[in-house]
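To start, the structure under review is shown below, and the notes come after it.
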């Protein structure tokens, strides 16, 4: 068909041509939509699988079995020095006192019987007894009904993960122990309740005592250091680059470097932290202070980039108006532009913090991927963070750690969702549109 | 703004003051196989109100051995954990940095080959187990004739029964740790190299003809018969529970914890049970060590007490054996208990 013919094509003919191709065009569009739905469907299926697998294991992880026994708190045995000091209670025979109460409740006798029954209760019971005495010394020389966690193997048995039908030599609980557990159960002394260890306990190698408290405090301290460093530095950098810096080769180079920094693998920042803070300044390993600094380096590019975008979104008319009534550039900046850009800056900061909360790789190098029991009291005490705790628990052989791992993942997810939700709320509520 | 500057200043100041102050807790790093046991001991020490709980970092045996040798001062670790013994080269690094160490063996860890109880149990000789998984075998290892027996070819065995009709008629598929793992290195050395290549006449002849050392046998198959399943042994355990036809290689403590669903392969007639590993008849096991730095003993509080905690718990009925560590015989325990006191300096002669 020549050009001349094309031009002469009548409207009717054109409509016919279009109609002929229409079905194919509509088909293409329909197929495209189907592909899109399939893609979303696959993504959703993965998400649902993830949530189902985490929740099905994680929700039971928030609960565990406890045993309630009548303990006679003989002061002479528990507090040999008689001064109620921590050391005196440690030197006392808390273990013996608890075991005696347990043997009575489980009706255990004989050497092998006592050995089996003794395994029912958690090793953490002694500490719990000591702290109960420290909280309220009046309970000494009385008989108290006290509740202690059961050992993790016993817990697995009570949950049905370790089966009664399994031959005795193949299970970690022998027949004698099962007998005592049944006795305790018949007396109604075993309860399944919310695990206070999970929330208020610190890292422990006894699965039933393990909790996230220490890691949570470590995470908060680390993020606090990160925020204190990264937010002012990031905002100041963004303001200077956007409003004051001359546009020349040097600032261009700096800008390119900031953008590149955002793409640097996070473990590199850990190596930097190791070389500078531990290598040159000789600071101790495993402390949240260095962790926070390293994470701040990682978060800075995110904050700078989002802050610059927020500043750029403030209309020039605001600046012009302020300058027009005689404000200096500094006043224009601090009184008008920065407050208006603040919601955008905060959103970027919160998202940066949420990223930092989930990081483990940069912390590996500076020794925060570690088993740390004591809860850090300041940024210079050794500490670890939530994702590291999850990583360490996932590798331990004891079965109850699988449940606790999933429960800890749920806590971490909750914090991430909370932070992201805060970012969205700030953006919706405070951000102004022009 | 003024507040943030004050905060930044406070952070900087806190950094400077910590750098100057001494560390009052023990810092430990190293093997992830020793970690579950070292943490139990650390936690016990921490229960004593006089001491803080030691910090135990992971990272692998090489991190432990290198880290402890890096220097003297509170920024360096006090104790390095390792699931393989220090080599003379690693000790030279220590000497170069002026670090004196004492070696303490704490116990043993068995390496097991296991599968689901729903699968066929594996009863095998160590040589055949090595032959099943090493990358290269002599050309006539599978009984083929008319080929040059001294030539090494890629491992041809597809099923366990191809090696010996008595073995299960199941495809060879073994999940195990990746090359970065100490468990893998120990397994390859004990089973592939020492169990097979140094014992089997055909393999010895072929290696001699090729002028290769038995060390080359440590390479595992890469044709899908050996599947690297990541550093986490729990992951391998899960895969075995889902797939009864597969086998897995991991530490004894994981078999111990899952003895109701998994069964260990019988190797050279010995079962991977606590007792048989402890008395040494089950031979696929290795020693676990820690290396303590002399210059820090008495300076960082609690190091000798930490070592004492090991002694309290490393016996047959201790908390460590309950977690799956295999205790040393009585005499060995006495010898290392004495070493904790006398702190004999580790020398190159002791390592040979």
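Protein chains in written order, with the working numbering: chain A, 1 to 434; chain B, 435 to 786.
Where a beta carbon is used, it is the ideal one built from N, C-alpha and C, also for glycine.
Backbone CA spacing between residue i and residue j [nearest angstrom]
i: residue 112/A; j: residue 212/A; result: 36 Å
i: residue 529/B; j: residue 521/B; result: 13 Å
i: residue 9/A; j: residue 32/A; result: 32 Å
i: residue 484/B; j: residue 87/A; result: 7 Å
i: residue 672/B; j: residue 258/A; result: 43 Å
i: residue 805/B; j: residue 756/B; result: With chain B running from 435 to 786 in the structure shown, residue 805/B is simply not present.
i: residue 770/B; j: residue 540/B; result: 8 Å
i: residue 660/B; j: residue 667/B; result: 15 Å
i: residue 27/A; j: residue 306/A; result: 41 Å
i: residue 244/A; j: residue 238/A; result: 10 Å
i: residue 620/B; j: residue 200/A; result: 39 Å
i: residue 192/A; j: residue 64/A; result: 6 Å
i: residue 454/B; j: residue 347/A; result: Its pLDDT being 41, under 50, residue 454/B is placed unreliably by the model, and the measurement read from it follows with that caveat. Between residue 454/B and residue 347/A, the C-alpha separation is close to 38 Å.
Closest residue to residue i among the options (Cα-Cα distance)
i: residue 93/A; options: 162/A, 104/A, 109/A, 71/A; result: 71/A
i: residue 655/B; options: 686/B, 597/B, 706/B, 622/B; result: 622/B
i: residue 303/A; options: 49/A, 423/A, 173/A, 199/A; result: 423/A
i: residue 489/B; options: 499/B, 473/B, 482/B; result: 473/B
i: residue 616/B; options: 732/B, 493/B, 584/B; result: 493/B
i: residue 190/A; options: 165/A, 95/A, 287/A, 102/A; result: 102/A
i: residue 475/B; options: 786/B, 780/B, 741/B; result: 741/B
i: residue 781/B; options: 646/B, 526/B, 649/B, 644/B; result: 526/B
i: residue 54/A; options: 427/A, 69/A, 408/A, 431/A; result: 408/A
i: residue 342/A; options: 312/A, 364/A, 329/A; result: 312/A
i: residue 314/A; options: 334/A, 217/A, 255/A, 325/A; result: 334/A
i: residue 713/B; options: 736/B, 762/B, 694/B; result: 762/B
i: residue 602/B; options: 592/B, 611/B, 777/B; result: 592/B
i: residue 550/B; options: 513/B, 698/B, 646/B; result: 698/B
i: residue 663/B; options: 653/B, 710/B, 608/B; result: 608/B
i: residue 290/A; options: 364/A, 24/A, 12/A; result: 364/A
i: residue 512/B; options: 722/B, 772/B, 735/B; result: 735/B
i: residue 132/A; options: 419/A, 146/A, 271/A; result: 146/A
i: residue 69/A; options: 125/A, 281/A, 375/A; result: 125/A
i: residue 563/B; options: 469/B, 606/B, 696/B, 709/B; result: 606/B
Chain-ordered neighbours of residue i on chain A, where CB pairs are closer than 8 Å
i: residue 691/B; result: 172, 397, 398, 399
i: residue 469/B; result: 371
i: residue 758/B; result: 397
Within chain B, partners of residue i - CB distance below 8 Å
i: residue 166/A; result: 694
i: residue 367/A; result: 461, 463, 489, 491
i: residue 86/A; result: 483
Any non-hydrogen atom of the ligand MG closer than 7 Å to residue i Cβ
i: residue 501/B; result: By its list of ligands, the structure shown contains no ligand whatsoever, and the ligand MG lies outside what it can speak to.
Contact check, residue i vs residue j, beta carbons under 8 Å
i: residue 411/A; j: residue 203/A; result: no
i: residue 681/B; j: residue 547/B; result: yes
i: residue 149/A; j: residue 208/A; result: yes
i: residue 479/B; j: residue 739/B; result: yes
i: residue 344/A; j: residue 309/A; result: yes
i: residue 536/B; j: residue 726/B; result: yes
i: residue 181/A; j: residue 139/A; result: no
Where residue i sits in the DSSP three-state scheme
i: residue 24/A; result: helix
i: residue 741/B; result: helix
i: residue 666/B; result: coil
i: residue 269/A; result: helix
i: residue 481/B; result: helix
i: residue 537/B; result: strand
i: residue 504/B; result: coil
i: residue 418/A; result: helix
i: residue 694/B; result: coil
i: residue 209/A; result: helix
Neighbouring residues, chain A, relative to residue i (Cβ below 7 Å)
i: residue 474/B; result: 205
i: residue 480/B; result: 373, 374
i: residue 487/B; result: 373, 374
Chain B contact residues for residue i, given Cβ-Cβ distances below 7 Å
i: residue 284/A; result: 452, 457, 508, 509
i: residue 64/A; result: Within chain B, no residue comes near residue 64/A; the closest Cβ sits about 17 Å away, beyond 7 Å.
i: residue 382/A; result: 459, 489
Residue i at chain C interface by Cβ criterion, 8 Å
i: residue 133/A; result: Absent from the structure is chain C; the protein chains it does hold are A and B.
Contact set between residue i and chain B, taken where Cβ atoms lie within less than 9 Å
i: residue 90/A; result: 481, 482, 483, 484
i: residue 176/A; result: Simply none; closest approach about 16 Å.
i: residue 121/A; result: Neighbours of residue 121/A on chain B: none; closest Cβ ~14 Å, over 9 Å.
i: residue 127/A; result: 481
Neighbouring residues, chain A, relative to residue i (Cβ below 9 Å)
i: residue 496/B; result: Per Cβ cutoff of 9 Å: no residues; residue 496/B is ~14 Å from chain A at best.
i: residue 518/B; result: In chain order: nothing, as chain A lies at least about 19 Å away.
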